[in-house]
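K.L.:
In the working numbering, the protein residues as written are 2 to 117.
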């Protein structure tokens, strides 16, 4: 029905690092990286995407952190990129932040009223 888009609006988390002394709950059992990511994702979903419209949050994860982003936050790795560049130290990952209820509401509106 709709042509494939060439570009999909997204917000990239360009840099995020936590000192090793603060990783894995080493200080006060606080998982600082996890808490930062939760805050960032929530802020993007609630404050930014509702105003500017974006579909994904993207990042380049260090290879040893890919499973953490996947398990903790449901980011998906683009496996094709890793196959094409096996020597890269990072993998491109994305998180779909679409509000499914809002999307279904829109689709229902289009079904009832047409595309105009």
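For every residue, glycine included, the Cβ atom is placed at its ideal position computed from N, Cα and C.
1) Inspect the beta-carbon positions of residue 60 and residue 90 and report whether they are closer than 9 Å.
2) Take the Cβ of residue 92 as the centre, count every other Cβ of all protein chains shown within 10 Å, and call the residue buried at 16 or more, exposed below.
3) Tell me where the alpha helix (DSSP H) around residue 24 begins and ends.
4) May I have the straight-line CA-CA distance separating residue 1 from residue 7, to the nearest angstrom?
5) Under DSSP, the beta strand (DSSP E) around residue 57 begins and ends at which residues?
6) Buried or exposed for residue 76, please, with buried defined as at least 16 other CB atoms from any protein chain shown within 10 angstroms of its CB.
7) Rounded to the nearest angstrom, what separates residue 27 and residue 36 at their Cα positions?
8) Note the first and the last residue of the continuous beta strand (DSSP E) segment covering residue 11.
9) What residue range does the beta strand (DSSP E) around residue 96 cover?
10) To the nearest whole angstrom, what separates the beta carbons of residue 49 and residue 14, a pair I think is in contact under 8 Å?
P.N.:
Per the coordinate set shown:
1) Numbered from 1 along the chain shown, position 59 holds the residue referred to as residue 60. Numbered from 1 along the chain shown, position 89 holds the residue referred to as residue 90. It is not a contact, given that the beta carbons lie outside the stated cut-off.
2) Walking along the chain shown from the start, residue 92 turns up at place 91. Under this definition residue 92 is a buried residue.
3) Counted from its first residue, the chain shown places residue 24 at position 23. Segment: none, residue 24 is in no alpha helix (DSSP H) and carries neither H nor E.
4) Residue 1 is absent from the structure shown; the chain starts at 2 and stops at 117.
5) Here residue 57 corresponds to residue number 56 of the chain shown, with the count starting at 1. That run of the beta strand (DSSP E) goes 57-63.
6) Reading the chain shown from its first residue, position 75 is the one you call residue 76. It is buried - the Cβ of residue 76 has at least 16 other Cβ atoms within 10 Å.
7) Indexing the chain shown from 1 puts residue 27 at position 26. Indexing the chain shown from 1 puts residue 36 at position 35. C-alpha separation (whole angstroms): 14 Å.
8) Along the chain shown, read from residue 1 onward, the residue named residue 11 stands at position 10. Per DSSP, residue 11 belongs to the beta strand (DSSP E) from 11-14.
9) Looking up residue 96 in the chain shown gives position 95. Residues 91-97.
10) As a position in the chain shown, residue 49 is number 48, starting the count at 1. As a position in the chain shown, residue 14 is number 13, starting the count at 1. Their Cβ separation, rounded to whole angstroms, is 12 Å, which puts residue 49 and residue 14 out of contact at 8 Å.
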